[in-house]
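Trainee: Residues in the sequence shown are numbered from 1 upward in steps of one, following the UniProt record's numbering.
Ideal Cβ placement from N, Cα and C applies to all residues, glycine included.
These figures come from a predicted structure and were not determined experimentally.
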Amino acid sequence: MLLLPIRIGSSRKCRRCELQINDQKAACPHCHHLSEDEAMQLKALLKQESKVVHSGLRKWFIVIFILSVLLVLVTFI
Ligand SMILES: [Zn+2]
Numbered sequence: 001m002l003l004l005p006i007r008i009g010s011s012r013k014c015r016r017c018e019l020q021i022n023d024q025k026a027a028c029p030h031c032h033h034l035s036e037d038e039a040m041q042l043k044a045l046l047k048q049e050s051k052v053v054h055s056g057l058r059k060w061f062i063v064i065f066i067l068s069v070l071l072v073l074v075t076f077i
């Protein structure tokens, strides 16, 4: 019986757009059709969106933390 190494779901980061791509694909499906400039713009846009999402999540964590503290205070008073 021949055992072949099976790699399921392995991925790597594209050096142009920094998105995850399947290891078995030679070209990135996100940016292979873009020029270098367009790929850099895509990368900058994705970074910007990521920052917006993270800052939104941070605000929600702070709100949830404050509500939790208030709930604990109200429960023990
Ligand atoms: Zn890419």
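1) What do you reckon, is the C-beta of His30 under 7 Å from a heavy atom of ligand 1?
2) For a test of the three-state rule: what should DSSP assign to Lys25, helix, strand or coil?
3) With a threshold of 8 Å on Cβ separation, who are the neighbours of Phe61 within its own chain once the five nearest residues in sequence on each side are excluded?
4) Can you give the Cα-Cα distance for residue 78 and Leu57, rounded to whole angstroms?
5) Hey, quick one: how far does the alpha helix (DSSP H) through Ser10 stretch, first residue to last?
Mentor: From the atom records:
1) Result yes, Cβ under 7 Å from ligand 1.
2) If DSSP states are grouped into helix, strand and coil, Lys25 belongs with coil.
3) Close CB contacts of Phe61 within its chain, under the 8 Å cut and outside five residues either way in sequence, are absent.
4) Shown here, the chain extends from 1 to 77; a query on residue 78 therefore has no answer.
5) Looking at the DSSP string, Ser10 is not in any alpha helix (DSSP H), and its letter there is neither H nor E.
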